[in-house]
Amino acid sequence: MNISNKDNSQADLIEYATRLGDDSLILGHRISEWASNGPFLEEDIALGNVALDYIGRARMYYTYAAELTGEGKTEDDFAYLRNERDFSNYLLNELPKGDFAFTIVRQLFIDVFNSLFLPQLQTSANEHLAAIASKAVKETRYHLRRSKDWSIRLGDGTEESHQRMQKALADLWGYVHEMFEPDELEKRLIAQGIAVDTANLKEQWLAEITETLNTATLEVPEAEWAVRGGRAGHHTEHLGHLLCVMQSVHIRYPGAKW
Amino acid sequence: MPLENLELFEVFVRSKRGLDHKHVGSLHAEDSQHALDYARDCYTRRSEGVSIWVVKSSDVIASQEDDNEGFFDPSEDKPYRHATYYPLPKEVGNM
């Protein structure tokens, strides 16, 4: 391998760690918006715990990306000093939290995804990413238990909760596809045994989602539409607003500590 | 979700293997499974426990303040129910 190949593959790795950090941070921030707005106190705290798991995960990915980047960069540079187009999270993760059904359906989609993704990342040829996955996989086991449980309670609950769940499924379905479409960068890392080939996860993901929705007496959407673009930095109008809030303190008080 | 639709549960956490479960508080939940999850989220988030019990508060039968005289006073003048009441023979040493 010559020098420039090595540089390229280092750049790929930084970008990959950053993406995984973006997915975690943006979703974690969205879940944190439930703090003090939860349906009742216990659920409020539970959602806060999940948000913190994701933000912790983002910190690990960003810290690794910062280490690889050098130049004195830290996790904060990645979280607070990048613009909308620099973020490459899946669009699904950035959508506003919606009602409780919307949040639960999104969590179900992502938790099932992560329960398949993380065990594979644990076997990555990159030991840093594998170590992060080993920590995260335990958290995800609990997240999934929660989101399956709530999906069934709400789907098979009252007429209103059922109808809200079905609507959330319809609203979110078109956002799931990009999770299973590795781009060129990911394909290069898949070839090196570093990245997870998410295309291989779709069948099992769909089977597990279908099983949970069946138990919850909900219909699997058949909608054909799909939106994509998160990995390329093409976002919905919602991400900019999220970043404004999330980055405001750091931008106004650079390097503030508490 | 209105709280009146939820049940109240008492939470017991065992902090280490070999120790007893201790009452740590209560919470609201739909049912016992839900209560167990919330107990994990509300009472063990700083690594407080290795095991959790939850019990419906309505299933706890508690003694009443009014019964205190009848329940607890009679034992006050019965020192012979304490091991320390009995002198130990020297040969036994420390027990």
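As they're listed, the protein sequences go chains A and B.
Position 65 (the first sequence) corresponds to 65 in the working numbering; numbering is contiguous.
Quick note, the working numbering runs 258 ahead of the 1-based positions in the second sequence.
Note that the Cβ used here is the ideal one computed from N, Cα and C, for glycine as well.
For the pair V220 (chain A) and L169 (chain A), the Cα-to-Cα distance works out to about 8 Å. For L189 (chain A), the secondary structure class from DSSP, reduced to helix, strand or coil, is helix. In this structure, the alpha-carbon of T210 (chain A) lies about 14 Å from that of V176 (chain A). Cβ neighbours of S161 (chain A) within its own chain (closer than 6 Å, five residues either side excluded): L154.
Interface annotation, N49 (chain A): in contact with chain B, CB-CB separation under 8 Å. In the DSSP annotation of this structure, the continuous segment of the alpha helix (DSSP H) that includes K202 (chain A) starts and ends at K202 to T215.
At a cut-off of 8 Å between beta carbons, A46 (chain A) contacts chain B.
One thing to note: S333 (chain B) has its Cβ no nearer than 8 Å to the Cβ of V312 (chain B). Taking C-beta atoms as the reference points, M179 (chain A) and F102 (chain A) fail to come closer than 8 Å.
DSSP places R164 (chain A) inside the alpha helix (DSSP H), whose first and last residues are E159 to L172. Taken through DSSP and simplified to helix, strand or coil, L264 (chain B) comes out as coil. Neighbours of R303 (chain B) across chain A, judged by C-beta separation under 7 Å: N49.
Counting only the Cα atoms, D149 (chain A) lies some 30 Å from D278 (chain B).
Contact with chain B is found for R146 (chain A), since one of that chain's Cβ atoms lies less than 8 Å from the residue's Cβ. Taking a Cβ-Cβ cut-off of 7 Å, the neighbours of Y296 (chain B) in chain A comprise E42 and A46, given in sequence order.
For H281 (chain B), the closest C-alpha among the options B:A287, B:F270 and B:S315 is that of B:F270. No Cβ-Cβ contact shorter than 8 Å links R82 (chain A) with L92 (chain A).
Contact check between the segment 13-21 of chain A and the segment 181-198 of chain A: three or more CB pairs, one atom from each, fall below 8 Å, which counts as touching.
It is roughly 19 Å from the alpha-carbon of L27 (chain A) to the alpha-carbon of H250 (chain A). A contact is defined here as three or more CB-CB pairs under 8 Å, and the segment 53-60 of chain A meets this definition with respect to the segment 17-31 of chain A.
In terms of Cβ geometry, G328 (chain B) and R272 (chain B) do not form a close pair [threshold 8 Å]. Residue nearest to I319 (chain B) within the set B:L264, B:E268 and B:L346 is B:E268 (criterion: CA-CA distance). Cβ-Cβ distances below 6 Å link G48 (chain A) to A35 in the same chain, with the five nearest sequence neighbours on each side left out; the list follows chain order. Ranked by Cα distance from T69 (chain A), the options A:D7, A:E127 and A:D22 are led by A:D7. In the structure shown, K73 (chain A) falls within a coil segment according to DSSP collapsed to helix, strand and coil. M165 (chain A) is a Cβ neighbour of S151 (chain A), given a cutoff of 8 Å. Here H286 (chain B) is buried. Its C-beta has 16 or more other C-beta atoms within 10 Å.
Excluding residues up to 5 positions away in sequence, A130, A133, S134 and V137 lie with their Cβ nearer than 8 Å to the Cβ of Q122 (chain A) in the same chain.
D156 (chain A) is not a Cβ neighbour of A66 (chain A), given a cutoff of 8 Å.
S284 (chain B) carries a strand assignment under DSSP once its states are collapsed to helix, strand and coil.
With a cutoff of 8 Å on beta-carbon distance, R19 (chain A) and S88 (chain A) are scored as near each other.
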